[in-house]
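What follows is a set of notes on a single structure, which appears directly below.
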Amino acid sequence: ISDESKICLVGYSHSYHLIYAFWANKLGHRFIWARAKYPSDLSTEFFEQYYHTRNCTKFVIGVGQWSASKRGRGPYSLKQWR
Numbered sequence: 080i081s082d083e084s085k086i087c088l089v090g091y092s093h094s095y096h097l098i099y100a101f102w103a104n105k106l107g108h109r110f111i112w113a114r115a116k117y118p119s120d121l122s123t124e125f126f127e128q129y130y131h132t133r134n135c136t137k138f139v140i141g142v143g144q145w146s147a148s149k150r151g152r153g154p155y156s157l158k159q160w161r
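Going by my numbering, 109 is the number at position 30 of the sequence shown; the sequence numbering is gapless.
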């Protein structure tokens, strides 16, 4: 991975805390926080935007905790996950 390329952490609360930890350890310049709470927030356009505008070449995706909870929209059914 080049110095210009970034790793995008996709998610919300968990990803935010990971980004914070990377900055605290002077590694934050290599990571971007890509905010997304639900699987439905993700699309080809979402990833293309971060690839083209933020130079993200790798993505770590963690969007399961919000859709599994009763906060916000309510828990996703198995049918919605598929």
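Where is the CB? At the ideal position from N, CA and C, for every residue including glycine.
Cβ neighbour criterion (16 or more within 10 Å) applied to S94: Label assigned to S94: buried.
Proximity below 7 Å, CB of I111 to CB of R133: A contact, by the Cβ cut-off of 7 Å.
Top-ranked residue by Cα proximity to Y163, from S122, Y129, P118, E127: Within the shown structure, residues of the chain are numbered from 80 to 161, placing residue 163 beyond reach of any answer.
Exposure label - V142; buried when at least 16 CB within 10 Å: Around the beta carbon of V142, 16 or more other beta carbons sit within 10 angstroms, so the residue counts as buried.
Closest by C-alpha distance to L106, when choosing among C87, K158, Y129: Closest by alpha carbon: C87.
Reduced DSSP category for L197 - H, G, I as helix; E, B as strand; rest coil: Not covered by the structure: residue 197. The range shown for the chain is 80 to 161.
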